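>
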Amino acid sequence: MFTSSKTEISIDCCYKLFDTGSYCHTKMTLFILETNQKYENEEWIHYLTRADDIFNKCDLATRPDDTKFLSACIEKIGSRCGEEVLNSIVNNTSTTKKCCDKLVNMGERCHTNMAKILIRTPEMKNMDPIEFMERSKNVYDECSIE
203 MFTSSKTEIS IDCCYKLFDT GSYCHTKMTL FILETNQKYE NEEWIHYLTR
253 ADDIFNKCDL ATRPDDTKFL SACIEKIGSR CGEEVLNSIV NNTSTTKKCC
303 DKLVNMGERC HTNMAKILIR TPEMKNMDPI EFMERSKNVY DECSIE
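With the numbering used here as the guide, the letters of the sequence shown map in order to residues 203 to 348.
(1) Within 10 angstroms of the Cβ of F271, are there 16 or more other Cβ atoms? Answer buried if so, exposed if not.
(2) With C-beta atoms as the reference, is I321 less than 8 Å away from M329?
(3) Where E336 and E277 are concerned, what is the direct C-alpha to C-alpha distance, given to the nearest angstrom?
(4) Report the rounded CA-to-CA distance for A274 versus T231, giving the unit in angstroms.
(5) What does the alpha-carbon distance come out to for the pair L219 and P324?
(6) Decide if E310 is buried, meaning its Cβ has at least 16 other Cβ atoms within 10 Å, or exposed.
(7) Just verifying my parser: in three-state terms, what is the DSSP assignment at T323?
(8) What first and last residue would you give for the alpha helix (DSSP H) that runs through M329?
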């Protein structure tokens with residue numbers, strides 16, 4: 203953001219950035235601008251606009267698909283198996299064959315999008331988003347092997 207390079211931001215960085223929140227992201231940007239003499243004679247609006255653009259791009263990259271699609275996914279797995287899979291992700295517990303079958307039948311796209319929506323809930327605020335997504339993928343991969 204503070205350089206002219208076109209370095210891509212990884213999806214992991216986007217999850218961390220989104221987890222930090224827009225308010226903190228803006229405050230950190232302002233802190234850098236206020237405390238670094240290099241920026242004291244510069245127009246800050248350019249940097250603040252770029253910071254907003256980066257946050258918005260990360261929001262889009264980590265946002266799940268539409269609610270209609272997610273509703274169909276929830277129907278496929280059901281609430282009991284959905285809770286079991288979530289428990290497997292959060293607490294590293296095993297998933298029953300029945301729920302694994304439902305998860306695999308639901309499909310990886312559904313599973314990934316459900317994980318994306320769950321990581322945005324207040325209940326998951328203390329969970330590292332990258333770790334959550336990795337565990338989510340591991341649960342799906344383990345189920346697809348069975």
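Cβ coordinates follow ideal geometry from the N, Cα and C atoms, glycine included. Note that the structure is predicted; figures quoted are calculated from it, not measured.
Walking through what the data contain:
(1) exposed
(2) yes
(3) 24 Å
(4) 40 Å
(5) 16 Å
(6) exposed
(7) coil
(8) No alpha helix (DSSP H) holds M329; DSSP gives it neither H nor E.
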